[in-house]
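The structure appears below as structure tokens.
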DNA sequence: CTCGGTTGCTTGTCCGGACGAGCGGCGAGG
DNA sequence: CCTCGCCGCTCGTCCGGACAAGCAACCGAG
């Protein structure tokens, strides 16, 4: 009788209590059975029950009051984090027709500023597009410092099958730590307008990707046409 | 000898270890002393040391690997949450000259949809502007269902000194629970363009404010000119 | 040299017991 | 009637011990 991979007992107790809250057996606002009662019911030690209750409290299922009891708060809502256009772009694979151009160019001022280099320092500009059906739905430009692109395929016009993030991780063991995004409405540049086939306003996203030390690995700039992109964000204000 | 309010021992152990990480005594990547060693050093039981280590791991200070040891990750960074234009607008106070108009109007389609009512249902439209110096920097329109505005000053053109959120909380005991924001680039409407004195692209924010039951309390629509507003967001991708 | 078992260190989980402290009801005394 | 102290219930914290399991290094057999 080998129950392979039986979850730890405190997790079993947690799951049981969560189920009862979902089922309405333990209604919000009501008091849970006392620790002693739960010990008897589940046939485990109090340490185990307490661990389960503490974890449930930390996850927002219940509230514990010293000397009174544990009280049901309800199903905790996941903080439904928002869309991260900057990160998403680094994870998308490429196809032959999605590549617009891959060039070595002098860094424009705003990009040089983001990368922390002098204006007109040579950098690799890798421009791609994404499609929804036949329509071009976004223009993405990556800006890599030469020392980052060195030894990678980022400066070659061949499509990266698994995206920029995987490529940098696999080839140069670079790990992303955090991303800074700056978001504003603007008119598309002439070049973007040509590719998009429209001059209507775009959501401009300027992102920098950093390593654990906080250094900028590279920058990217997205043009998301307003008619096609809506970023949704739900947040708690309790 | 009364040590008033001595913190629990596991918290003392946590604080000591945090201090050593901050001081560099325990450098990132290195292994912490084993639980047994910490038990000896601090003169507490292993349960206490384990509680301290588990809590530190949950807060992101260390990582624990079964059978290997506990390893320092570093000072955990607060997840620097992003700007919430929708919420901010509900918290700003008003002045006499910031009010553009307060009218009872039939709900336009997209607003009716957000509020969950039929098109052209009468609602209160409260339009305001914000300034940076002399320049109008944003146009904010609140859309209140009549039953929400009932008994409040929201349908009166007098400035709300402490903002919409405080007013609804104080007068009708309505508590905000969460906000849903939809964000896109668009052209300003004719009306917004007149007020802003510009037709350049704006960041359009459509937000709904919900109570704990998930019902929509009201909606608001912001027009933030792209040249003046940049939303910044930093997030971890580890 | 290579392979596989043994051994020792580490964390993961669990138990049963212990004492303290917050809270609320109840009854005795004012 | 009100007040105050006692008591029982609850959670908060802590201990020492126990066994399982992951991992790495060592060592002998082949």
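Residue numbers (the UniProt record's numbering), protein chains in the order written: chain A, 1 to 238; chain B, 1 to 238.
Glycine included, each C-beta is placed from N, C-alpha and C at the ideal position.
Please read these numbers as outputs of a predicted model, since none were measured by experiment.
Contact set between residue i and chain A, taken where Cβ atoms lie within less than 9 Å
{"i": "residue 222 (chain B)", "result": "The premise fails here: residue 222 (chain B) is roughly 11 Å from chain A at the closest Cβ pair, so nothing lies under 9 Å."}
First and last residue of the uninterrupted alpha helix (DSSP H) at residue i
{"i": "residue 86 (chain A)", "result": "85 to 91"}
{"i": "residue 170 (chain B)", "result": "163 to 172"}
{"i": "residue 194 (chain B)", "result": "190 to 196"}
Local Cβ density within 10 Å of residue i, reported as buried at 16 or more and exposed below that
{"i": "residue 24 (chain A)", "result": "exposed"}
{"i": "residue 220 (chain B)", "result": "buried"}
{"i": "residue 15 (chain B)", "result": "exposed"}
{"i": "residue 162 (chain B)", "result": "exposed"}
{"i": "residue 70 (chain B)", "result": "buried"}
{"i": "residue 37 (chain B)", "result": "exposed"}
{"i": "residue 167 (chain A)", "result": "buried"}
{"i": "residue 203 (chain B)", "result": "buried"}
{"i": "residue 239 (chain A)", "result": "Lying outside 1 to 238, the shown extent of chain A, residue 239 (chain A) is not represented and no answer is given."}
{"i": "residue 2 (chain B)", "result": "In this predicted model, residue 2 (chain B) has a pLDDT of only 37, less than 50, meaning its place in the structure is not dependable; the value taken from the coordinates is given anyway. That one is exposed."}
{"i": "residue 206 (chain A)", "result": "buried"}
{"i": "residue 233 (chain A)", "result": "buried"}
{"i": "residue 185 (chain A)", "result": "buried"}
{"i": "residue 105 (chain B)", "result": "exposed"}
{"i": "residue 13 (chain A)", "result": "buried"}
{"i": "residue 224 (chain B)", "result": "buried"}
{"i": "residue 4 (chain B)", "result": "Bear in mind that a pLDDT of 49 at residue 4 (chain B), under 50, signals an unreliable position, so the number given afterwards is only what the model happens to contain. Exposed."}
{"i": "residue 49 (chain B)", "result": "buried"}
{"i": "residue 178 (chain A)", "result": "buried"}
{"i": "residue 181 (chain B)", "result": "buried"}
{"i": "residue 173 (chain B)", "result": "exposed"}
{"i": "residue 146 (chain B)", "result": "exposed"}
{"i": "residue 89 (chain B)", "result": "buried"}
{"i": "residue 7 (chain A)", "result": "exposed"}
DSSP-derived helix/strand/coil call for residue i
{"i": "residue 55 (chain A)", "result": "helix"}
{"i": "residue 26 (chain B)", "result": "coil"}
{"i": "residue 1 (chain A)", "result": "At residue 1 (chain A) the pLDDT is 40, less than 50, meaning the model places this residue with poor confidence; the figure from the coordinates comes in the next sentence. Coil."}
{"i": "residue 114 (chain A)", "result": "helix"}
{"i": "residue 150 (chain A)", "result": "coil"}
{"i": "residue 216 (chain A)", "result": "strand"}
{"i": "residue 208 (chain B)", "result": "strand"}
{"i": "residue 232 (chain B)", "result": "strand"}
{"i": "residue 223 (chain B)", "result": "strand"}
{"i": "residue 203 (chain A)", "result": "strand"}
{"i": "residue 109 (chain A)", "result": "helix"}
{"i": "residue 13 (chain A)", "result": "helix"}
{"i": "residue 123 (chain B)", "result": "strand"}
{"i": "residue 175 (chain A)", "result": "coil"}
{"i": "residue 6 (chain A)", "result": "coil"}
{"i": "residue 237 (chain A)", "result": "coil"}
{"i": "residue 20 (chain A)", "result": "helix"}
In DSSP terms, what residue i is bridged to
{"i": "residue 71 (chain B)", "result": "B:31 and B:63"}
{"i": "residue 99 (chain B)", "result": "B:128"}
{"i": "residue 137 (chain B)", "result": "Beta-bridge pairing links residue 137 (chain B) to no other residue."}
{"i": "residue 42 (chain A)", "result": "According to DSSP, residue 42 (chain A) bridges with nothing at all."}
{"i": "residue 159 (chain A)", "result": "DSSP, once it has assigned bridges, lists no residue as partnering residue 159 (chain A)."}
{"i": "residue 104 (chain B)", "result": "B:124"}
{"i": "residue 145 (chain B)", "result": "B:123"}
Neighbour list for residue i in chain B, Cβ cutoff strictly below 8 Å
{"i": "residue 183 (chain A)", "result": "183, 203, 230, 231, 232 and 233"}
{"i": "residue 87 (chain A)", "result": "235 and 237"}
{"i": "residue 30 (chain A)", "result": "The premise fails here: residue 30 (chain A) is roughly 17 Å from chain B at the closest Cβ pair, so nothing lies under 8 Å."}
Limits of the unbroken beta strand (DSSP E) element including residue i
{"i": "residue 181 (chain B)", "result": "178 to 186"}
Where residue i meets chain A, residues with beta-carbon distance less than 7 Å
{"i": "residue 131 (chain B)", "result": "Neighbours of residue 131 (chain B) on chain A: none; closest Cβ ~19 Å, over 7 Å."}
Contact list for residue i against chain B, beta-carbon separation under 7 Å
{"i": "residue 226 (chain A)", "result": "184, 185 and 186"}
{"i": "residue 84 (chain A)", "result": "235"}
Residues that residue i contacts on chain B, provided the C-beta gap is smaller than 9 Å
{"i": "residue 162 (chain A)", "result": "Correct list: empty, because the minimum Cβ distance to chain B is about 16 Å."}
{"i": "residue 179 (chain A)", "result": "233, 234, 235, 236 and 237"}
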